[in-house]
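So my numbering is basically just the index in the sequence shown, starting at one, shifted up by 7.
Beta carbons are placed, not taken as given, at the ideal position from N, Cα and C, and that holds for glycine.
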Amino acid sequence: MDNEEETTTEVPHEEKMELNVDEIIERYVGSFGLPQLLQVVLVSFAWVFDSQNTLVTIFTDAQPSGWRCKTSADPSLSSSWCMNNTASGGGGNKGQSVGHVCGLAAGSWEWIGGNIATTIAEWHLICHRKFLAAIPTSLFFIGSIFGCAFYGRLADAWLGRKKTLLLAGILTSTTTFLTSFSPNIWVYSFLRFANGFARSGNGICCLVLSTEVVGRKWRGQVGQYGFFFFTAGFLSLPFIAYPARTQWRYLYRIISLPPLVYTLFLVPLVSESPRWLLVRGKNKEALEVLQKFAGWNRKKLPNNIELIIPSQATTGTGNEGGKNENIWTTRWAAKRMITMMLFGFGVGFVYYGIQLNAENLNFNLYLTVIINAAMEIPAVFIGGILLGFTDRRLLSSLSAISAGVSCLLCIIFSAASSTTSSWPQLTIEAIGFMAASIAFNVSYIYCVELFPTNVRNFAVSMLRQSLMLGASLSPLLVVVGRLSPSLSFAVFGALAIVSGTLSVWLPETKNAPLYETLKQQGEEEVKRRRLIQNTVV
């Protein structure tokens with residue numbers, strides 16, 4: 008009996024340790040161990056097919072390399088008639104000579120690479136129809152805008168990050184495969200819109216799932232290194248596209264396979280974000296995820312740990328204890344979001360525009376894309392290193408401005424390279440793309456750190472929408488660039504510089520904690536500002 012009494016009196020003395028997710032990760036799980044590494048690798052594979060679907064039109068919608076007169080049984084369409092009515096003689100480079108076919112009779116000439124090599128060749132998107140070539144890519148990015156809003160809400164309020172990633176992968180594979188059967192430019196444009204909508208959930212969930220399970224000091228590096236997989240997908244495109252260069256439909260069918268394989272075999276191995284589980288009131292499941300990560304790191308969580316529950320937090324458009332907690336009705340959050348979106352618009356326009364503008368450089372298209380993709384590798388390395396010791400605000404600003412300056416310098420070489428290859432122009436363009444890539448990648452990390460858990464996916468989705476809005480306008484400038492490369496580089500440069508100045512108005516987030524709710528973050532930041540002011544005084 009005495010022993011029983013002693014036992015019953017000792018149990019209450021074991022007080023509960025109330026800790027938040029950051030504190031548990033730092034103290035008991037480990038900032039970045041094997042389980043976090045596996046989580047990052049598993050979710051980051053989605054970036055591979057995300058980049059493939061985003062940039063595939065560089066090849067499928069490319070302007071054919073040239074044309075030639077052909078012999079016809081119809082005397083009125085003979086080769087000599089075609090040659091006599093061509094100022095420069097048939098064929099030639101894709102910039103000047105394509106314009107000469109506008110005055111030729113149909114059937115008197117043919118594309119050198121075949122009439123089904125690209126969508127422009129198959130559906131004759133030249134002359135008075137040339138601006139139709141920009142519609143599919145623009146609609147793809149517009150679809151991404153709507154998809155970002157959909158997936159952001161879905162991941163925060165309904166399915167969570169993991170299930171949303173699964174859904175995005177399935178829809179991406181399906182829409183990519185269906186695109187290969189497009190009978191005309193209008194169906195093709197609609198399916199590109201659908202594909203853009205479908206794939207937009209991949210990037211949002213990948214970034215959040217990676218950064219929400221590591222310690223503070225690793226968030227920037229983890230987010231950056233995830234973009235290696237985006238680079239891998241980009242770099243794989245020329246090698247996939249070259250064997251399929253005679254038939255653009257084959258390329259879509261090939262790249263529809265990776266997302267299907269990913270959703271079937273890799274997504275089931277991903278762990279849900281413990282932060283999202285906690286915000287949704289699933290404390291037990293959140294602790295189980297953290298305990299699993301600790302076990303893989305050969306550690307163990309104390310039995311008396313209790314996760315701190317944010318005050319009935321739900322989502323960025325939900326309620327908090329009856330009081331509406333919304334990004335747009337919270338003044339400081341709305342101001343940040345608007346500034347971040349304006350920055351993202353400019354960066355997205357330049358980042359995707361430079362890639363799509365590759366065909367306007369007088370270089371082999373496959374070589375140009377390989378060089379641009381290769382420049383993403385040092386961009387990720389440099390960005391990851393700089394994020395370790397540099398302010399996010401400064402890095403965002405300088406990288407965007409550097410991209411703008413490089414684009415402006417390309418204007419000098421545009422005239423010289425109109426007929427011959429210009430290595431200086433290609434080099435400067437590649438450096439500008441690397442700078443734009445750093446700004447693009449850092450913007451995601453910056454956005455993750457600017458907002459709390461209950462609106463983080465929503466905030467990242469809004470940033471992604473602004474990036475896609477900028478990207479949706481860039482194909483139109485690429486079409487204009489076929490007529491005036493200098494004009495396209497001038498617009499890219501000016502917009503990048505303006506975007507770089509906007510990030511100055513955002514607060515610094517280096518080594519700042521990740522908060523769980525808007526209310527908590529607002530209160531903590533007010534306390535921190537007062538502490539700094541008192542220290543200065």
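For Gln528, the closest C-alpha among the options Pro459, Asp163, Asn448, Leu258 is that of Pro459.
Beta-bridge annotation (DSSP): Arg75 is paired with Glu117. Excluding the 5 residues flanking it on each side, Leu402 has same chain C-beta neighbours closer than 6 Å at Leu393, Val449, in chain order. Look at Leu26 here: in three-state DSSP terms it is strand. According to the DSSP assignment, Leu294 belongs to the alpha helix (DSSP H) that extends over 290–303. With contacts defined by Cβ atoms closer than 9 Å, Asp68 and Pro520 do not form a contacting pair. If you ignore the 5 residues before and after Ala248, its C-beta comes within less than 6 Å of the C-beta of Phe66, Leu258, all in its own chain and listed in chain order. When secondary structure is reduced to three states using DSSP, Glu456 falls in the helix class.
Taken in chain order, the unbroken stretches of alpha helix (DSSP H) that lie wholly in the region 355–420 and span 4 residues or more are 372–396. Apart from the 5 residues on each side of it in sequence, Ala410 sits with its Cβ closer than 7 Å to the Cβ of Val357, Gly439, Ala442, Ala443, Ala446, Ala503 in its chain, given in chain order.
A straight line joining the alpha-carbon of Asn290 with that of Leu26 spans about 12 Å.
According to the DSSP assignment, Leu166 belongs to no alpha helix (DSSP H), since it is labelled neither H nor E. The shortest C-alpha to C-alpha distance from Leu178 to any of Gly203, Gly167, Ala156 is the one to Gly203.
Under a 10 Å Cβ-count criterion, Cys213 is classified as buried, with 16 or more other Cβ atoms of the shown protein chains found around its own Cβ. Runs of the alpha helix (DSSP H) lying entirely within the region 115–203, each at least 4 residues long, are 126–130, 142–164, 167–186 in chain order. A Cβ-Cβ distance of about 17 Å is found for the pair Leu174 and Leu185, leaving them out of contact under the 8 Å criterion. DSSP, reduced to helix, strand and coil, places Glu313 within a strand of the structure shown. Three or more Cβ pairs closer than 8 Å define a contact, and the region 364–371 falls short of that threshold against the region 464–476. Contact annotation, Thr516 with Leu480: C-beta distance approximately 29 Å; criterion of less than 8 Å not satisfied. Gln362 and Thr61 have their C-alpha atoms roughly 11 Å apart. The beta-carbon distance between Val387 and Phe235, rounded to whole angstroms, is 5 Å. This is short enough to meet the 8 Å contact definition. In the three-state scheme derived from DSSP, where H, G and I count as helix and E and B as strand, Lys224 is classed as helix.
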